[in-house]
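Residues in the sequence shown are numbered consecutively from 537, following the working numbering. Ideal Cβ placement from N, Cα and C applies to all residues, glycine included. To start, the structure itself, in structure tokens.
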Amino acid sequence: MAILNHHHHHHLMGFHMMISNTKKSSSSSTTSSSPPKGCMVVRVGSSGEEKERFIVKVEYLNHPLFAGLLKEAEDEYGFEHKGAITIPCCLDEFLHVIHIIDREFMANHHHHHHHHQYHHLHLAGCFRP
537 MAILNHHHHH HLMGFHMMIS NTKKSSSSST TSSSPPKGCM VVRVGSSGEE KERFIVKVEY
597 LNHPLFAGLL KEAEDEYGFE HKGAITIPCC LDEFLHVIHI IDREFMANHH HHHHHHQYHH
657 LHLAGCFRP
């Protein structure tokens, strides 16, 4: 899940992702506002490109594809980088990774939801007179 302020909108697998351009809004309070609980700010863009600001779910950090992006950031900037995590990849690559992660999270949630529904229906049959 990546969300943010205004301007460009992308739809990924049933949820809304909003992208804000950091240079256009860097002087506004929106870039300094805290992300929602369970989320964090990342900045994305290749060297020389304008960085885009995203808010992503913290749980995405555990995904192997996102871990690969973080490894690129570590290789590029080291651990001394201050502020939001900056991921040195092109925007299209980042959006592709987020799309894959979203799809997997939604599939897991959908499977988990149906798994519990099945158990509830099964138990309901046990209590019929």
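Within a Cβ cutoff of 7 Å, which residues of the same chain sit near residue i, ignoring the five residues on either side of it in sequence?
i, result
"residue 582", "624, 625 and 626"
"residue 574", "593 and 594"
Could you round the C-beta distance between residue i and residue j to whole angstroms and report it? I think they count as a contact, below 8 Å.
i, j, result
"residue 606", "residue 633", "Rounded, the Cβ-Cβ distance is 11 Å, inconsistent with contact."
"residue 592", "residue 578", "6 Å"
Any heavy atom of the ligand GTP closer than 7 Å to the Cβ of residue i?
i, result
"residue 632", "Summarising the ligand content, the structure contains no ligands, and the ligand GTP is consequently not present."
Applying the 10 Å Cβ sphere with the 16-neighbour rule, what's the burial state of residue i?
i, result
"residue 609", "buried"
"residue 630", "buried"
"residue 611", "exposed"
"residue 638", "buried"
"residue 588", "buried"
Would you tell me roughly how many angstroms separate the C-alpha atoms of residue i and residue j, rounded to the nearest one?
i, j, result
"residue 598", "residue 641", "12 Å"
"residue 614", "residue 628", "23 Å"
"residue 596", "residue 636", "11 Å"
"residue 590", "residue 645", "23 Å"
"residue 643", "residue 572", "23 Å"
"residue 619", "residue 584", "19 Å"
"residue 586", "residue 616", "21 Å"
So, at 6 Å on beta carbons, what are the nonlocal neighbours of residue i in its own chain, with the 5 sequence-adjacent residues on each side left out?
i, result
"residue 570", "none"
Can you name, in chain order, every residue of its own chain whose Cβ lies under 8 Å from the Cβ of residue i, other than the five neighbours on each side?
i, result
"residue 603", "597"
"residue 621", "576, 577, 578, 579, 606 and 609"
Worksheet item: Taking only runs of the beta strand (DSSP E) that begin and end inside the segment 565-641, which ones reach a length of at least 3 residues, in chain order?
Response: 575-580, 588-593 and 621-623
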